[in-house]
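Enquirer:
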Amino acid sequence: GGYHVGRGIELLDQVVSNAERHSLSLLLELHAAPGGQSGRQTTGRSDPTWEPSRFDADGALSALRLVATRYNSSRSVVAISPLNEPELSNEVLLPYYQRAYETVSGS
1 GGYHVGRGIE LLDQVVSNAE RHSLSLLLEL HAAPGGQSGR QTTGRSDPTW
51 EPSRFDADGA LSALRLVATR YNSSRSVVAI SPLNEPELSN EVLLPYYQRA
101 YETVSGS
């Protein structure tokens, strides 16, 4: 199955709406990628046993696609950062960043 977005997307809708109302600019950043991008607290959970193999690039891209599509006409969303503080090898990150760029710019 897919990842549960929960109420987070509704809260993000409110943030974007308020930013537009007050002429603010937003940079949205993926802090908690499916499977995690590190074992640190900055991912929303602290897990000293985290392994890089847990990172789910397809799940992360799905989340980026959702956000990029949902806010592509927003005056306030000026950028989307594909991953916060990853602890992944360049062999994983470089193809992911390329796919993330294509995903976000194609939305």
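So for the sequence shown, full-length UniProt numbering puts the first residue at 1; every next one is plus one.
All residues carry an ideal CB built from backbone N, CA and C; glycine is no exception.
No experiment lies behind these values; they were computed from the predicted model shown.
Could you give the distance in angstroms between the alpha-carbon of residue 33 and the alpha-carbon of residue 57?
Expert: Between residue 33 and residue 57, the C-alpha separation is close to 8 Å.
Enquirer: Who are residue 100's beta bridge partners in DSSP?
Expert: In the DSSP output, where bridge partners are listed per residue, residue 100 has none listed.
Enquirer: Run through DSSP, which three-state label would residue 29 get?
Expert: Three-state result, residue 29: strand.
Enquirer: What separation, rounded to the nearest whole angstrom, lies between the Cα atoms of residue 94 and residue 83?
Expert: Each residue's alpha carbon lies about 12 Å from the other.
Enquirer: Got a sec, what are the start and stop residues for the beta strand (DSSP E) residue 81 sits in?
Expert: Where residue 81 is concerned, the enclosing beta strand (DSSP E) stretches over 77 to 81.
Enquirer: Mark residue 86 as exposed unless 16 or more other C-beta atoms lie within 10 angstroms of its C-beta, in which case mark it buried.
Expert: So residue 86 counts as buried.
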